[in-house]
Every structure is written in C-alpha cells, then in structure tokens.
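Below: one structure, written as structure tokens.
Numbering (full-length UniProt numbering), first residue to last: 1 to 236.
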C-alpha cells in the first residue's frame, strides 16, 4: 500500500467515526438546559429553602422531584450516547441501556405523579396537565414496549419504541425553542398558548423520531442475521 492510499484509507475511516458523534453531541446539547435547570432545583432543595409560591410544589414533595430530575438527566445523557453506532456494537450499549431504561421509566412515572398530586402553577392550566399526562403515559408505555421487544429478540421494535420514548423525554430541551421565540416576540404566553407551545415541543420530537426510525428501516439496519441474533441474545 502506498503512502497516498494509506492516507485515503485513514481519511475514509476517520470521517464516518467523527460524523457518528454529531447526533449524540447534538442531543446532549439539547438536553443541557433542562439538565442545568434540574441541577439548580436539586441545589435549592438541598439548601433547606424558604417555601414560596414558586417553589412550594417542589419543596412539599421533594422525593418525586428528585427522582424525576435524576431519572430524566440519566435518561437524556445515556440515551444520547445510544445513537452512536460504534457504541451500539459493544457491551456498553446493553449495560447503559439497563440503566437508561429504568431511569426513563422513573422520570415518566414521577412526572405523572407530580402532575396529578402536586399543586401546579396557575400558568400551566388544566389543558397542559392533560397534555403532560398523555405524553408522560406515552413515554412510560414506549419504554415498556421496548423492553418487552428486546426480551423476545425483536431489535427493530425495541429500537423504534426506545427512540419514541427518548424523543418524549427530551422534549424539555425542544420546548425551550418553542417557548423562547414566542416570549421574545409576543411576551409571556397565556395558559392556552403555553399549553400549545409545550405540546409543540413533544410533537416536533416525535416527528423527528419517526423520520429517524424510517431511515433505519430504509437502510435495513435490523435485517435478520447471525450477528443481530447474537446481539438480541446478549441484550436479554
């Protein structure tokens, strides 16, 4: 092999390896705002805060708040790394998935609990509460369906439903981009506008998730093979 051909081979192998990290890094960046906000909330709870109208629902029910923040943070960060193809080919995917999936389920269930039992601010309204219940239930159901699928060796279904569940869980990052332009252009949204803007974040993420799922199907990522069968067995 000549020196020129060797350089071409190296460039062909390093370029895809760099591109494969674009999605995970982008997803981690998208999750930074809710992760940082959650960390600040945990710091507030640890400092024995004075109860105010703004933080009462967090201070009164600290346990589900902590579970929700920690679960959502772990799910967002570990889930982002699942989109790196090189990591999916190693035991790391199985090990981290066994952490990320329960974390996501805890985040969804604790979010549902807080929606039902805590006193939500007046700016949220009943419409947003119903929307949260719908998407929180969908997130929990997606993770359960994905778990059942991988237990029976159906990697395609597992991947599709974990992608949907992750999309719902990451909506807090997208909602920054649906809420902020409205706030800058029109001011503070009213109850109905806030509900619509929050719902838009979930719907945008789910639409992107469906595009990702269909592209995987088009590439034949989960065609039956000896390798996929061994991977399914390892994930059980």
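Quick reminder that beta carbons are idealized off the backbone N, C-alpha and C, glycines included.
Cβ contact (3+ pairs, closer than 8 Å) linking the segment 145-153 and the segment 213-222 | At 8 Å Cβ cutoff, the stretches do not touch.
Are three or more beta carbon pairs between the segment 194-205 and the segment 168-177 nearer than 8 Å?
-> Touching, per the Cβ criterion.
Of the listed residues 204, 165, 129 and 194, nearest to residue 180 (C-alpha basis) | Taking the first residue of the chain shown as 1, we reach residue 180 at position 180. Considering only alpha carbons, the answer is 194.
Check whether residue 63 and residue 24 have beta carbons under 7 Å apart = Translated into positions along the chain shown, residue 63 becomes position 63. Translated into positions along the chain shown, residue 24 becomes position 24. No.
Going by CA-CA distance only, name the one from 55, 116, 69 and 146 that's closest to residue 160.
-> What you label residue 160 is simply residue 160 of the chain shown in a count that begins at 1. Each of 55, 116, 69 and 146 was checked against the Cα of residue 160, and the nearest Cα belongs to 146.
Which whole-angstrom value describes the C-beta separation of residue 114 and residue 61, a residue pair presumed to lie in contact below a C-beta threshold of 8 Å?
-> One-based indexing of the chain shown puts residue 114 at position 114. One-based indexing of the chain shown puts residue 61 at position 61. With 8 Å as the limit, residue 114 and residue 61 qualify as a contact, their Cβ atoms being about 7 Å apart.
Tell me where the alpha helix (DSSP H) around residue 152 begins and ends.
-> The residue you call residue 152 lines up with position 152 of the chain shown. Note, residue 152: premise wrong, no alpha helix (DSSP H); not H, not E.
Using DSSP with H/G/I as helix, E/B as strand and the rest coil, what is residue 141?
-> Within the chain shown, residue 141 is the residue found at index 141, counting from 1. DSSP places residue 141 in helix when its eight states are reduced to three.
Residues near residue 123 by beta carbon distance below 7 Å, same chain, minus five either side = Position 123 of the chain shown, counted from the start, is the residue given in the question as residue 123. Excluding sequence positions up to five before and after residue 123, its CB lies within less than 7 Å of the CB of 191 and 194, all in the same chain and listed in chain order.
Contact between the segment 69-81 and the segment 29-40 (3+ Cβ pairs under 8 Å) | Counting Cβ pairs under 8 Å, three or more are found: they touch.
Between the Cα of residue 281 and those of 205, 108, 50 and 40, spot the shortest distance and give me the residue it belongs to.
-> A question about residue 281 goes unanswered here, because the residues of the chain that appear run from 1 up to 236.
Cβ of residue 105 within 7 Å of Cβ of residue 140?
-> Taking the chain shown and counting its residues from 1, one reaches residue 105 at position 105. Taking the chain shown and counting its residues from 1, one reaches residue 140 at position 140. Yes, Cβ-Cβ distance for residue 105 and residue 140 is below 7 Å.
Supposed close pair residue 103, residue 71 - CB separation, criterion 8 Å = What you label residue 103 is simply residue 103 of the chain shown in a count that begins at 1. What you label residue 71 is simply residue 71 of the chain shown in a count that begins at 1. Contact holds; Cβ gap of about 4 Å.
Just the Cα atoms here: how many angstroms apart are residue 55 and residue 18?
-> Reading the chain shown from its first residue, position 55 is the one you call residue 55. Reading the chain shown from its first residue, position 18 is the one you call residue 18. Each residue's Cα considered, the two are about 42 Å apart.
Would you call residue 52 buried or exposed, if buried means 16 or more other Cβ atoms sit within 10 Å of its Cβ?
-> One-based indexing of the chain shown puts residue 52 at position 52. Exposed, by the Cβ-count rule.
Where does residue 49 sit, in a helix, a strand or coil, going by DSSP?
-> Within the chain shown, numbered from 1, the residue matching residue 49 stands at position 49. Residue 49: coil per DSSP, three-state reduction.
Under the three-state DSSP convention, the category residue 62 falls into | By one-based count along the chain shown, residue 62 stands at place 62. Three-state result, residue 62: helix.
Cα-Cα separation, residue 168 to residue 206 = Indexing the chain shown from 1 puts residue 168 at position 168. Indexing the chain shown from 1 puts residue 206 at position 206. The straight-line gap from Cα to Cα measures roughly 7 Å.
Is residue 159 helix, strand or coil by DSSP?
-> If you number the chain shown from 1, residue 159 lands on position 159. Three-state result, residue 159: helix.
Determine the contact status of residue 57 and residue 119, defining contact as a CB-CB distance below 7 Å.
-> Indexing the chain shown from 1 puts residue 57 at position 57. Indexing the chain shown from 1 puts residue 119 at position 119. Taking 7 Å as the Cβ cut-off, residue 57 and residue 119 qualify as a contacting pair.
DSSP three-state assignment for residue 33, whether helix, strand or coil = Stepping through the chain shown from its first residue, residue 33 is reached at position 33. In the displayed model, residue 33 falls within a helix according to three-state DSSP.
Under a Cβ-count criterion, where at least 16 other Cβ atoms within 10 Å of its own Cβ denotes burial, should residue 44 be classed as buried or exposed?
-> As a working note, residue 44 is residue 44 in the chain shown. Flag for residue 44 reads exposed.
May I ask which residues mark the beginning and end of the alpha helix (DSSP H) holding residue 54?
-> As a first step, residue 54 is located in the chain shown; it is residue number 54 there, counting from the start. DSSP places residue 54 in no alpha helix (DSSP H); its state is neither H nor E.
Candidates 202, 130, 101 and 117: which alpha carbon is nearest residue 162's?
-> As a working note, residue 162 is residue 162 in the chain shown. Checked all of 202, 130, 101 and 117; the closest Cα to residue 162 is 101.
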